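Read the structure below first, then the notes.
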Amino acid sequence: MILCGYEKFSMVDFDGKIACTVFTGGCNFRCPFCHNAPLVVGNLKSQQIDESEVFDYLQKRKGLVDAVCVTGGEPTLQPDLCDFLAKVRSMGYATKLDTNGLRPDVLKAVLDDKLVDYVAMDVKNSPEKYAHTVGVQNVDMGKILTSIQLLKDSGIDFEFRTTLIKEFHTADDVQKIAYLVSGAPRYFMQKYNDNDGCIAHGYTPVPKADAESYKEYFAGKVGSVSLRGY
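Under the working numbering, the sequence shown is numbered contiguously, ending at residue 638.
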């Protein structure tokens, strides 16, 4: 695993649990609004830590930490992700995976082997605006849709989420996202926050009033729809 650091205690990354959040390096998207720029476009070698450091910490914190969240970057790029998750679970920790869904084969392996208790998948935008939103020339939407369906069929708890930005998301886009995530137990609309860790700057968060009004698009489609960070 290319690990580029970890947060020892988090109360916000895994609902209801005290988590250790592990950051993997590298990503197959280049979302300009990404707030983890060093993990995406930075020098990964200079940031890398040995995974033994994480496991030593987890061994010492049994009973104090409940769970491990694996985020990035994009964790499914790591060839030994399944082995890492299996080892974490063998230590008695609950596990959560954050993913952009572009590698459904890896996600399927994780789900089939029951290596996670919870998955959070970003649904970046409506299909026709996906590539523009994630900063690459082309996106295989078939892979994104496959990952969405894998989660719906998995029997494992999960959420879909979108970071809302005025320059990228219109009401029409959000309405199309609602159809993509239909059948999910929960969906979150997240507030964009510009900070020093972003790849690019100058974007505008969708106002809270607008985000609240978008909730109606999800009525009858998802178990719950909520705002996060507003």
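Glycine included, each C-beta is placed from N, C-alpha and C at the ideal position. Since this is a predicted model, take the numbers as computed values, not measurements.
Residue burial annotation: Gly481 is buried, with at least 16 other C-beta atoms found within 10 angstroms of its C-beta. Rounded to whole angstroms, the separation of the alpha carbons of Asp604 and Gly424 is 29 Å. By the beta-carbon neighbour count (other beta carbons within 10 angstroms, threshold 16), Val449 is exposed. One Cα belongs to Ala475, the other to Asn533, and the distance between them is close to 29 Å. As DSSP reads the structure, Phe596 sits in a beta bridge with Arg569, Ser634.
In the three-state reduction of the DSSP assignment, Ala539 falls in the helix class. Here Met499 is exposed: its Cβ has fewer than 16 other Cβ atoms, across all protein chains shown, within 10 Å. Taking a cut-off of 8 Å on C-beta distances, the stretch 573-588 touches the stretch 609-616, as three or more cross pairs fall below it. Judged by pairs of C-beta atoms under 8 Å, the stretch 530-549 touches the stretch 436-443, as three or more such pairs exist. Distance between Lys504 and Lys616, taken at the CA atoms: about 28 Å.
A residue is called buried once 16 or more other Cβ atoms fall within 10 Å of its Cβ, and Val531 is buried on that count. According to the DSSP secondary-structure assignment, Met529 is paired through a beta bridge with Thr507, Phe568. Three or more beta-carbon pairs separated by less than 8 Å link the stretch 625-636 to the stretch 588-601, which places the two stretches in contact.
Ile585 sits in a helix when the DSSP states are folded into three classes.
Non-local beta-carbon contacts of Glu459 in its own chain, meaning distances under 6 Å to residues more than five positions away in sequence, involve Met409, Leu411 in chain order.
Rounded to the nearest whole angstrom, the CA to CA distance from Met529 to Lys468 is 30 Å.
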